[in-house]
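In the UniProt record's numbering, the protein residues as written are 1 to 226.
In this text, a Cβ means the ideal position worked out from N, Cα and C, and glycines have one as well.
Every value quoted in this text rests on a predicted model; they were computed, and no experiment measured them.
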Ligand SMILES: Nc1ncnc2c1ncn2[C@@H]1O[C@H](COP(=O)(O)OP(=O)(O)OP(=O)(O)O)[C@@H](O)[C@H]1O
Ligand SMILES: [Mg+2]
């Protein structure tokens, strides 16, 4: 399916919101290619449209104009079930607030998406433990989210996003609610893991310092990238 081309290819991506009789043109023609294994920082001030763009690339919402190809598949032409398949086969998500399942421990939170993808339970458990351990959580495998610190919860969310070996990780301010030093640590572990797995990533942030640790920085301003 992906014949060596970019993992993401956006052309003329547009998104306009109608709100209280006003039209807000948030994305006004975004073009972007991300190569396999490339880690791209998406920089932009609050309200510039970073989350809107990640939702588009994540095939989570309609209402966009332009084209979005994921691993060579033109997503806007696919029926809903095929979009879901593309999402499952290729994408992993990390949100600013982790959305972990509160009644399950760290390991189970990482096992769950693997079971949904059809991985056998033993293999899923082994991968969960290995991911969590590589993120420094080997001693927290059976803690529930409420028994973990914010940084630990965010690391579980990182492990969950990588559980099914996505070709592309989409991360929306993955360390946005952490203090500066925890944010540095978690981002470092996130980048090391993504690089180790060979995944590509698109990481929204408004933090220049964090962005400079990635392979490439693109800036969203006035609805276009520079
Ligand atoms: N569902 C919606 N309806 C109307 N306007 C919206 C909607 N979603 C987003 N917007 C507007 O689109 C703009 C971009 O929002 P978005 O959440 O993408 O920004 P962002 O760059 O992620 O900001 P932040 O750094 O604060 O997370 C904002 O001005 C917002 O008010
Ligand atoms: Mg946002």
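Terminal residues of the beta strand (DSSP E) in which residue i lies
i	result
residue 216	216 to 221
residue 52	First-last for residue 52: 50 to 57, but that is the alpha helix (DSSP H), not the beta strand (DSSP E).
Closest residue to residue i among the options (Cα-Cα distance)
i	options	result
residue 124	134, 135 and 112	112
residue 58	117, 161, 181 and 19	161
residue 143	121, 100, 166 and 118	100
residue 193	219, 132 and 71	132
residue 17	48, 40, 37 and 153	48
Buried versus exposed, by CB contacts within 10 Å (16 or more), residue i
i	result
residue 45	exposed
residue 216	exposed
residue 173	buried
residue 140	buried
residue 299	Since the first residue shown for the chain is 1 and the last is 226, residue 299 is missing from the structure and cannot be characterised.
residue 170	buried
residue 106	buried
residue 220	buried
residue 188	exposed
Segment limits, alpha helix (DSSP H) that includes residue i
i	result
residue 165	Neither: residue 165 is in no alpha helix (DSSP H) and is coded neither H nor E.
residue 185	180 to 197
Sheet register partners of residue i (DSSP bridge)
i	result
residue 25	16
residue 11	67
residue 60	Partner(s): none; residue 60 has no beta bridge.
residue 43	205 and 219
**Request:** Can you check the stretch 72 to 152 for any beta strand (DSSP E) of at least 3 residues that lies completely inside it and give the ranges in chain order?
**Result:** 91 to 94
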